[in-house]
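This report refers to the structure that appears directly beneath it.
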Amino acid sequence: MLGSWWVFRSWGRIGTSVGGTKLEDMSDLFEAISHFKELFEEKTGNNFTSNTYTKVPGRWTVLDVEFDTDEVAQPLTVSAADSKLPLPVQELVKLIFDIDCMKSQMKEFEIDLKKLPLGKLSERQLLAAYSVLTEAQQVLSEDSKHNGTKILDCSNRFYTLIPHDFGMNKAPLLDNFDIIKSKVDMVESLREIQTAYCLLKSKGDARNDGASLIEQHYEKLNTKLEVVDEKSEEFEVLQQYDDFHECAIVPPQIFRVERQGEAKRFKPFKKLHNHKLLWHGSRLTNFAGILSQGLRIAPPEAPSTGYMFGKGIYFADMVSKSANYCATSNINPTGLLLLCDVALGNMEKKKSAEYGLRIAPPEAPSTGYMFGKGIYFADMVSKSANYCATSNINPTGLLLLCDVALGNMEKKKSAEYVTKLPGGKHSTMGCGSTFPDPDGSRTLHGIEVPCATPKHDRGISSSLLYNEYIVYDVAQVQVKYLVRMKFLYN
Numbered sequence: 005m006l007g008s009w010w011v012f013r014s015w016g017r018i019g020t021s022v023g024g025t026k027l028e029d030m031s032d033l034f035e036a037i038s039h040f041k042e043l044f045e046e047k048t049g050n051n052f053t054s055n056t057y058t059k060v061p062g063r064w065t066v067l068d069v070e071f072d073t074d075e076v077a078q079p080l081t082v083s084a085a086d087s088k089l090p091l092p093v094q095e096l097v098k099l100i101f102d103i104d105c106m107k108s109q110m111k112e113f114e115i116d117l118k119k120l121p122l123g124k125l126s127e128r129q130l131l132a133a134y135s136v137l138t139e140a141q142q143v144l145s146e147d148s149k150h151n152g153t154k155i156l157d158c159s160n161r162f163y164t165l166i167p168h169d170f171g172m173n174k175a176p177l178l179d180n181f182d183i184i185k186s187k188v189d190m191v192e193s194l195r196e197i198q199t200a201y202c203l204l205k206s207k208g209d210a211r212n213d214g215a216s217l218i219e220q221h222y223e224k225l226n227t228k229l230e231v232v233d234e235k236s237e238e239f240e241v242l243q244q245y246d247d248f249h250e251c252a253i254v255p256p257q258i259f260r261v262e263r264q265g266e267a268k269r270f271k272p273f274k275k276l277h278n279h280k281l282l283w284h285g286s287r288l289t290n291f292a293g294i295l296s297q298g299l300r301i302a303p304p305e306a307p308s309t310g311y312m313f314g315k316g317i318y319f320a321d322m323v324s325k326s327a328n329y330c331a332t333s334n335i336n337p338t339g340l341l342l343l344c345d346v347a348l349g350n351m352e353k354k355k356s357a358e359y360g361l362r363i364a365p366p367e368a369p370s371t372g373y374m375f376g377k378g379i380y381f382a383d384m385v386s387k388s389a390n391y392c393a394t395s396n397i398n399p400t401g402l403l404l405l406c407d408v409a410l411g412n413m414e415k416k417k418s419a420e421y422v423t424k425l426p427g428g429k430h431s432t433m434g435c436g437s438t439f440p441d442p443d444g445s446r447t448l449h450g451i452e453v454p455c456a457t458p459k460h461d462r463g464i465s466s467s468l469l470y471n472e473y474i475v476y477d478v479a480q481v482q483v484k485y486l487v488r489m490k491f492l493y494n
């Protein structure tokens with residue numbers, strides 16, 4: 005009503021729908037603003053007009069929410085008549101921009117979709133959530149008698165930043181490293197979902213106005229995708245690299261990948277020795293972000309929990325290792341994996357977690373990162389597939405095959421948080437006891453493809469089952485292939 009003024013507020017218990025609202029009638033705008041400022045200072049301990057905001061323990065906190073208009077995204081349809089793109093490419097674009105899949109992923113994380121619908125959380129808010137998790141990890145590492153109060157405060161702030169729905173159950177405290185690791189994984193996925201949703205809603209190039217909707221979304225990826233002919237030698241070599249066919253995986257679809265600007269970024273590492281084509285698996289909802297922005301290293305705000313060898317990009321030489329990260333299931337059996345050219349150079353080799361050797365910066369506790377901050381790869385798809393986070397409900401996953409310039413590798417047989425590689429080393433290798441037979445490797449476009457039959461060496465004293473490869477510079481990676489697999493569950 006014109007000329008009427010109110011102050012509205014709502015409250016509730018974190019992680020539940022329990023709460024209430026209040027609408028207060030004000031005589032004029034001045035009274036409404038004054039009352040709001042009083043409430044703001046009472047609840048947060050901060051002056052609303054101040055240029056700085058300091059979180060006060062036990063008080064409310066401010067959320068940085070995106071207030072864009074709610075638009076219902078148009079469903080993507082695959083059509084040979086309406087698009088010049090090959091049907092497999094159309095199906096792939098439809099898969100990675102699937103809003104229902106994004107919502108399903110958020111529900112799996114117990115996110116409250118009423119309080120936090122798609123597209124409403126800002127990057128700044130997600131980084132703030134990372135910082136709270138880092139703070140909680142530092143508190144747990146202190147082993148102080150006052151930890152309980154600090155952990156409760158961290159937990160309240162985290163669930164305020166990222167609204168959850170636990171029904172009538174209490175929100176779990178961030179009181180152990182396992183739950184912190186699970187929340188780090190959740191925030192990482194939320195960042196990728198946010199990227200995908202922003203791409204979905206963004207305006208495309210005006211020159212593509214006459215293109216189909218699926219073509220417009222394809223252009224937003226800034227990535228060229230080509231189907232690899234199943235009758236070609238290239239396909240035969242790559243299919244041989246799939247060590248998972250005995251585990252009842254349907255023959256894969258393989259796409260050649262050319263990300264805009266990545267070849268130029270990779271050029272300084274082309275001459276570095278020790279290049280391998282390695283696997284990297286991730287959840288379906290992460291691939292719009294991966295293809296449009298490339299594989300990324302966790303930000304400084306993120307705690308180091310869960311990274312065996314530090315923050316980096318992790319790869320595997322066995323698909324069965326990477327497939328674990330696709331998060332497929334009986335209901336959603338499709339996963340995506342990358343095959344990347346990774347420039348490894350001289351590798352620092354590790355055989356187990358050696359956490360006592362780590363030196364972690366204050367903003368990034370080292371607990372859980374196997375070989376420090378970097379990009380992790382594998383030479384077995386079964387290793388990378390673990391990161392696709394597929395499930396019975398969502399069995400589809402995507403993996404990348406990347407040209408990785410490894411150079412001189414520092415080889416390791418245990419997890420060790422890496423903040424700085426030794427002189428002359430370019431990457432870290434976690435040495436597993438099961439690995440492709442080196443004598444059976446093949447070469448594809450000048451890159452070693454460790455596609456031989458896996459063997460188990462009982463003589464290797466290592467806490468790792470599979471090899472892992474980690475680089476700490478995104479420029480050492482060039483995505484070469486994307487592999488779509490359908491995992492069959494009994």
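Counting from 1 along the sequence shown, just add 4 to a position and that's the residue number in our numbering.
Where is the CB? At the ideal position from N, CA and C, for every residue including glycine.
Per DSSP, cross-strand counterpart(s) of residue i
i: Gln482; result: Asp407
i: Trp10; result: Asp29
i: Trp64; result: According to DSSP, Trp64 bridges with nothing at all.
i: Pro458; result: Pro440
i: Phe259; result: Val231 and Leu486
i: Gly285; result: Leu341 and Leu403
i: Arg446; result: Val453
i: Ala292; result: Ala292 is not bridged to any residue.
i: Met351; result: Glu414 and Ser431
i: Met322; result: Met384
i: Tyr245; result: According to DSSP, Tyr245 bridges with nothing at all.
i: Gly3; result: Outside the shown range of the chain (5 to 494) lies residue 3, about which nothing can therefore be said.
i: Glu472; result: Gly434
i: Ser395; result: Asn336
i: Asn50; result: Asn50 is not bridged to any residue.
i: Asn328; result: Asn390
Counted within 10 angstroms of its Cβ, other Cβ atoms place residue i as buried (16 or more) or exposed
i: Gly436; result: buried
i: Gly24; result: exposed
i: Lys271; result: exposed
i: Thr457; result: exposed
i: Pro399; result: buried
i: Gly428; result: exposed
i: Asn173; result: exposed
i: Asn350; result: buried
i: Ala252; result: At Ala252, the pLDDT of 47 sits below 50, so the modelled position is not reliable and the matter cannot be decided from this model.
i: His449; result: exposed
i: Tyr493; result: exposed
i: Val60; result: exposed
i: Phe319; result: buried
i: Gln264; result: exposed
i: Phe273; result: buried
i: Ala364; result: Annotation note: pLDDT 31 at Ala364 (below 50); position unreliable, coordinate value reported separately. Buried is the call here.
i: Ile335; result: exposed
Contacts around residue i, its chain only, beta-carbon distance under 7 Å, and the 5 residues preceding and following it disregarded
i: Val481; result: Leu299, Ile317, Cys344, Val346, Ile379, Cys406, Val408 and Val475
i: Pro90; result: Val231
i: Ala267; result: Gln482
i: Ile258; result: Val232, Phe239, Leu242, Tyr485 and Val487
i: Leu131; result: Pro303 and Glu305
i: Leu27; result: Trp10 and Phe12
i: Ala393; result: Arg287, Tyr329, Cys330 and Ala331
6 Å Cβ shell around residue i - same chain, five flanking residues per side excluded
i: Asn328; result: Ala389 and Asn390
i: Asp179; result: Ile155
i: Ser14; result: Thr25
i: Asn290; result: Glu196
i: Lys459; result: Asp441
Residue i in three-state terms, based on DSSP
i: Arg488; result: strand
i: Glu223; result: helix
i: Val82; result: coil
i: Lys59; result: coil
i: Gly2; result: Here the chain has residues from 5 to 494 only, and residue 2 is not among them.
i: His277; result: coil
i: Leu204; result: helix
i: Glu367; result: Its pLDDT being 36, under 50, Glu367 is placed unreliably by the model, and the measurement read from it follows with that caveat. Three-state result, Glu367: coil.
i: Val191; result: helix
i: Ser333; result: coil
i: Ser186; result: helix
Short CB-CB distance (under 9 Å) between residue i and chain E
i: Leu204; result: Here chain E cannot be found, since the structure has a single protein chain.
Neighbourhood of residue i by C-beta, 8 Å cutoff - its chain only, sequence neighbours within 5 removed
i: Met30; result: Trp9, Trp10, Val11, Ala36 and His39
i: Leu361; result: Only weak support exists for where Leu361 lies, its pLDDT of 26 falling under 50; the coordinates are left without a value.
i: Pro369; result: Note that Pro369 has pLDDT 41, beneath the 50 cutoff, so the model's placement of it is unreliable and the number below is only indicative. Result list for Pro369: Thr138, Gln141, Gln142, Ser145, Pro307, Ser308 and Thr309, in chain order.
Closer than 8 Å: residue i CB and nearest the ligand FMN heavy atom
i: Glu262; result: Here there are no bound small molecules, and the ligand FMN is not part of this structure.
Would you mind listing the alpha helix (DSSP H) stretches within the region 87–166 that are 4+ residues and don't spill past its ends, in chain order? 91–100, 103–112, 127–146 and 151–165
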